[in-house]
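Residue numbers (full-length UniProt numbering): 1 to 495. This report concerns only the one structure given below.
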């Protein structure tokens, strides 16, 4: 199941688009106390972690091989010396004992969903043995994956599934697309939260537009669109198509290579759909308006452009469409714009809309619409631009010269470098406060930097720095240690 959060879907040189059990297990239920004070995983001289308060005084009388910070709902993941995982509450009581299972968590509203998974080998019946004729033996076992998703606070089991990994069976995961605090989509099912109970209210939900609260299901090979306001309401039924016919100055043009993708498409995540009643064509990403199929009073150049179009994208919440033809000499798209009436436009205003490539790089708008070449170091060219999540006008810009790449952080609104393009890598640790990690050279380490105030936080460097403050540090040729730091001050929590 895929979700779109409003401003984009993905297109590229090849486009990128991607048994329920509700019983209550009372033995597994637990009441979690919310964290009321600072509790920090502190690395001791003996190499074990203990939770301490802001004065570095122990608050839990247990030691762990590795420990996470506590969530706002008052639980933390801990590990023993065999790297078995467990979950504890703020008093140090085990919610889940150490085991060979791995855990993931997702907080929604007042509840926490927990995914428990484990892999194991299982002997197969003789008729399922893999008789390796060209090899030296017979595979009599297979690797199975067992996944259970439940509510941490109550123990309610939401879903469970066991799959044979060797046969690439589709499993389940904690892939939650929230619509609001009471409704979410997970594993192609729509759920409702009432009190502390979770109830499945619809299935076969293959795609969600979370900003617009639109869900997409399938029927007879078609995509069914539903609006959602607490209840599902069918709005339209659309059929996937791979080609369309348009009229340009009376000439019929068949476009048969539109929005192609290297990934398998199903009706719910197709990039071009046709209304089965009106025959209107609706392009991705949000399929919010019909594409014009009749164009008049065109120049010869415009007709020639239409004849080579391979990309059509509908710009959300506007009357505009973006058309692309691929320029093989420059290995990028050339773009033109039309409105819903078929008029060609010299430009459009769509500041919050982006077309992305397979690895998240921005294909549209083109680089010079985000950063002027005047701000690029002489001899260098813009190689790749990515948007900073949660920020309207901040972009990672990668420039390149003679296969040497450097990265910087660019503010398109202020038209200035927040971080000059001088670094090998930049990581955003706190989007709101613009705390970042910087690495000058590929074999070097990262240091903390306050990009908003343009101030270096740490002079010490680390092998890696994560958003929660966990760092890895080299202690020898093949040794490293992990501990936590305060990403705002650089304070280290270790003896």
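Where a beta carbon is used, it is the ideal one built from N, C-alpha and C, also for glycine. Here the structure is a predicted model, which is why all the values come from computation and not from measurement.
Beta-carbon separation (whole angstroms), residue i vs residue j, contact threshold 8 Å
i: residue 483; j: residue 43; result: 4 Å
i: residue 256; j: residue 274; result: Rounded, the Cβ-Cβ distance is 14 Å, inconsistent with contact.
i: residue 386; j: residue 396; result: 4 Å
i: residue 281; j: residue 291; result: 5 Å
i: residue 272; j: residue 283; result: 6 Å
i: residue 185; j: residue 215; result: 7 Å
i: residue 407; j: residue 426; result: 5 Å
i: residue 295; j: residue 324; result: Actually they are not in contact, since the Cβ atoms of residue 295 and residue 324 sit about 16 Å apart, beyond 8 Å.
i: residue 247; j: residue 278; result: Contact flag wrong, Cβ pair sits at about 17 Å.
i: residue 326; j: residue 269; result: That pair is no contact at about 22 Å.
i: residue 389; j: residue 431; result: 6 Å
Residue i: CB within 6 Å of a non-hydrogen atom of the ligand FAD
i: residue 239; result: In the structure on display, the ligand FAD does not appear, and there are no ligands present to speak of.
Under 7 Å between C-beta atoms of residue i and residue j
i: residue 418; j: residue 451; result: yes
i: residue 318; j: residue 350; result: yes
i: residue 224; j: residue 205; result: no
i: residue 103; j: residue 119; result: no
i: residue 53; j: residue 38; result: yes
i: residue 239; j: residue 222; result: yes
i: residue 355; j: residue 363; result: yes
i: residue 106; j: residue 98; result: no
i: residue 165; j: residue 145; result: yes
i: residue 237; j: residue 267; result: no
i: residue 69; j: residue 468; result: yes
i: residue 465; j: residue 490; result: no
i: residue 80; j: residue 65; result: yes
i: residue 179; j: residue 249; result: no
i: residue 111; j: residue 153; result: yes
i: residue 463; j: residue 475; result: no
i: residue 438; j: residue 411; result: no
Coil, strand or helix - residue i by DSSP
i: residue 275; result: strand
i: residue 368; result: helix
i: residue 339; result: strand
i: residue 269; result: helix
i: residue 496; result: The displayed coordinates of the chain run from 1 to 495. Any statement about residue 496 would go beyond what the structure contains.
i: residue 308; result: coil
i: residue 476; result: strand
i: residue 22; result: Per-residue confidence for residue 22 stands at a pLDDT of 35, beneath the threshold of 50, marking its modelled position as unreliable; no derived number is given.
i: residue 241; result: coil
i: residue 27; result: Reliability fails at residue 27, whose pLDDT of 39 lies under 50, so the model's placement of it is uncertain and the value that follows must be treated cautiously. Of the three classes helix, strand and coil, the one that applies to residue 27 here is helix, per DSSP.
i: residue 301; result: helix
i: residue 491; result: coil
i: residue 482; result: strand
i: residue 442; result: coil
i: residue 127; result: helix
i: residue 328; result: coil
i: residue 293; result: coil
i: residue 455; result: strand
i: residue 414; result: coil
i: residue 118; result: strand
i: residue 427; result: strand
i: residue 236; result: strand
i: residue 148; result: strand
CA-to-CA distance, residue j to residue i, given in whole angstroms
i: residue 124; j: residue 84; result: 27 Å
i: residue 340; j: residue 260; result: 22 Å
i: residue 211; j: residue 367; result: 27 Å
i: residue 254; j: residue 101; result: 54 Å
i: residue 314; j: residue 337; result: 10 Å
i: residue 149; j: residue 122; result: 22 Å
i: residue 370; j: residue 50; result: 47 Å
i: residue 460; j: residue 429; result: 17 Å
i: residue 175; j: residue 109; result: 16 Å
i: residue 91; j: residue 57; result: 15 Å
i: residue 139; j: residue 171; result: 23 Å
i: residue 197; j: residue 230; result: 16 Å
i: residue 128; j: residue 162; result: 17 Å
i: residue 141; j: residue 234; result: 46 Å
i: residue 480; j: residue 82; result: 17 Å
i: residue 478; j: residue 320; result: 56 Å
i: residue 496; j: residue 352; result: No information on residue 496 is available, as it lies outside the stretch 1 to 495 that the chain covers here.
i: residue 177; j: residue 304; result: 42 Å
i: residue 147; j: residue 228; result: 29 Å
For this session: Any chance you could list the beta strand (DSSP E) runs of at least 3 consecutive residues sitting entirely within the segment 31 to 111, in chain order?
Result: 40 to 43, 49 to 52, 75 to 79, 85 to 89, 94 to 99, 102 to 108
For this session: Return the chain-ordered ranges of every beta strand (DSSP E) run that is complete within the segment 350 to 407 and spans a minimum of 3 residues.
Result: 362 to 364, 381 to 387, 394 to 401
Exercise. Quick one: complete beta strand (DSSP E) runs, 3+ long, within the segment 154 to 208?
Worked result: 157 to 164, 176 to 180, 183 to 186, 189 to 194, 197 to 203
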